[in-house]
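> Got a structure for you, questions after.
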Amino acid sequence: MGFTNYPNGLTSLGSPLPDGGRYSSPWATHYFVAGDNGSDSSAGTDPANDFLTIQKACTTALAGDVIYIRPKSYTLGTGFARYTEDVVIAQGGTAGSGSTATRAGISLIGVTPRGMPSDFLGVRWKFTTNTNLNIEAPATHIEGIGFFAEASTAAVHIETDGATRSKGGTDGSSLYNCAIKGDPGITANGGNEVQIVNCRFQAKFDGTVSGINYTGSSNAVSRPLIQGCEFIGGNANNMSGPPIQGAAPWYDAIIR
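Residues in the sequence shown are numbered from 8 upward in steps of one, following my numbering.
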């Protein structure tokens with residue numbers, strides 16, 4: 008097993024995680040986030056000059072760029088400290104059919120030695136007001152992050168505005184190897200080949216369900232992939248309902 012070398016001195020032992028989506032594009036700019044000692048006035052393009060916040064990295068990155076997030080410091084008894092942010096990955100560019108989405112294909116990667124983080128270990132992320140992460144850009148990839156979302160609007164909301172095309176997050180976005188703790192989990196108001204793979208969902212402490220909910224009514228859910236996911240109760244309380252739900256019309260779904 009050899010090393011995989013990335014730009015700016017980043018090296019990984021072996022290949023990307025099995026069933027993971029992490030890769031390094033030769034055309035990408037790589038950005039780095041360190042919540043303990045980074046600075047949003049830094050360039051963010053190497054580990055010695057990293058950003059402080061995830062939002063700064065997501066605002067700076069452009070189509071195809073990769074953002075690496077470092078776990079915060081470890082506190083005995085509670086685990087790694089949490090990032091506390093409501094982050095939006097905006098589509099960029101001009102709205103409307105035929106325009107270019109200038110932030111399509113951004114990857115947001117939590118750096119962890121585990122195949123999957125949790126709300127105790129690895130990169131941990133809590134919402135500030137209502138939603139940890141709102142994905143408005145097409146083909147966004149999220150991997151290796153533990154979301155704490157109890158009493159939030161959503162841990163991750165994948166969003167489209169339909170024919171207006173100012174938000175295209177439901178086109179080809181993906182989450183791999185993530186952990187979501189608390190209700191309601193991942194929501195989307197439509198979907199076109201959205202992939203949710205090898206993620207773990209844990210209910211709120213009282214058992215309120217955490218899972219995947221396609222809430223759209225006018226926006227169809229086409230060719231969704233839900234694969235290898237786990238759904239568990241909260242603090243010994245079973246989930247209060249089914250963890251995969253949808254109000255939108257679904258077709259050609261793969262759930263396994």
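Virtual Cβ for every residue (Gly too), placed ideally from N, Cα, C.
This one's a predicted model, so the numbers in the text were calculated from it and none came from an experiment.
Counting only the same chain and skipping the five closest in sequence on each side, list residues whose C-beta sits under 7 Å from that of residue 241.
209, 210, 211, 212, 213 and 214
> Taking DSSP as the reference, what is the three-state secondary structure of residue 88?
coil
> Using a C-beta cutoff of 8 Å, does residue 163 count as contacting chain C?
Protein chains in the displayed structure number just one, and chain C is not present.
> Identify which residue in 141, 170 and 104 has its Cα closest to the Cα of residue 3.
Shown here, the chain extends from 8 to 263; a query on residue 3 therefore has no answer.
> Distance check for residue 77 and residue 10, CA to CA, integer angstroms please.
Any reading at residue 10 must be qualified, since the residue scores a pLDDT of 42, below 50, and its modelled position is unreliable; no value is offered.
> Which term fits residue 89, buried or exposed, when burial requires 16 or more other beta carbons within 10 angstroms of its beta carbon?
buried
> Give me the Cα-Cα distance between residue 160 and residue 48, rounded to the nearest whole angstrom.
30 Å
> Short of 8 Å in beta carbon distance, which residues of its chain neighbour residue 172, apart from the five on each side in sequence? Order them along the chain.
102, 103, 104 and 106
> For residue 56, which three-state DSSP category applies?
helix
> Run through DSSP, which three-state label would residue 66 get?
If DSSP states are grouped into helix, strand and coil, residue 66 belongs with the helices.
> Sorted by chain position, which residues of the same chain lie with C-beta nearer than 6 Å to residue 24's C-beta, five sequence neighbours on each side aside?
With a pLDDT of 47 at residue 24, under the threshold of 50, the modelled position of that residue is not reliable, and no figure is offered here.
> Apart from the five residues just before and just after residue 79, which ones in its own chain have a Cβ nearer than 6 Å to its Cβ?
42, 43, 87 and 88
> Note down the Cα distance separating residue 262 from residue 57, rounded to an integer number of angstroms.
The straight-line gap from Cα to Cα measures roughly 38 Å.
> Can you give me the start and stop residues for the beta strand (DSSP E) that residue 234 sits inside?
Its beta strand (DSSP E) spans residues 232 to 234.
> Taking the straight line between their C-alpha atoms, what separation do you get for residue 36 and residue 100?
18 Å
> Relative to the ligand SAH, is the shortest distance from any of its heavy atoms to the C-beta of residue 154 smaller than 7 Å?
Looking at this structure, you won't find the ligand SAH or any other ligand, since it has none at all.
> For residue 169, name the three-state secondary structure that DSSP assigns.
helix
> Kindly list the residues whose CB is nearer than 7 Å to the CB of residue 34, restricted to its own chain and excluding five residues on each side of it in sequence; keep chain order.
71
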